[in-house]
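J.: The structure under discussion is supplied below as structure tokens; questions concerning it will follow.
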Amino acid sequence: MDTEQWSKIKNIFHQALALEGLERESFVRKETSDDESLYKMIMTMLDTENENQLDTTQVVSSNMKQFLQDNFGVQSGDKVDVYQLETVLGEGGMGTVFKARRVDKEFDIEVAIKVIHREQINSETLQRFQSERQILANLNHPNIARLIDGGTT
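Numbering (the working numbering) for the sequence shown: 1401 to 1553.
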């Protein structure tokens, strides 16, 4: 699943929340056309929302965790070196940025970790990532994030 498909899923899900019964099923069927797995995923999300009285953010968050695991190999709670990923701060075309915390007990610090999308990993992207890292390392301003560490894994 790519970010475009995830965006489509969220959009259909949010629109379908306003509908009920056969109207909801018909809408989701129309929007997913011949993609049975997409239809089932969205209907499951809607059923979960109805059964458990969860708010939308909890349902989307649950599916976002699976999306992150499938597409990046990481999700909130995973460790990257000495840092534990906590929450998603943002997402762009190149990757996802997580809020993370150092957990090796050497010292306490909160950081942001950028994880490149699996489908984006190639020599050009890695070179761009290294260039971005070097530019950030050279910047020193109170309103610009400070580079603490950088690398690939």
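The C-beta atom is built at its ideal place from N, Cα and C for all residues, glycine as well.
Treat the numbers as computed from the prediction; the structure is a model and nothing was measured.
Sort out for me which residues DSSP pairs G1495 with in a bridge.
T.: Answer is I1516, bridged to G1495.
J.: In whole angstroms, what separates the C-alpha of G1477 from that of T1432?
T.: 32 Å
J.: Taking C-alpha atoms, which residue in K1410, Q1484 and A1418 lies nearest to K1499?
T.: Q1484
J.: Roughly how many angstroms lie between the CA atoms of T1496 and G1550, to the nearest whole one?
T.: 15 Å
J.: Between E1436, V1515 and M1445, which has its C-alpha nearest G1492's C-alpha?
T.: Closest in C-alpha terms to G1492, from the list E1436, V1515 and M1445, comes V1515.
J.: Roughly how many angstroms separate the alpha carbons of M1341 and V1428, rounded to a whole number?
T.: Residue 1341 cannot be examined here, being either before or after the span of the chain that is shown, 1401 to 1553.
J.: Let me know the secondary structure DSSP gives R1424 once reduced to three states.
T.: helix
J.: Where does Q1405 fall in DSSP's three states?
T.: If DSSP states are grouped into helix, strand and coil, Q1405 belongs with the helices.
J.: Can you check which of these residues, E1524, Q1527 and D1481, is closest to K1505 by C-alpha distance?
T.: D1481
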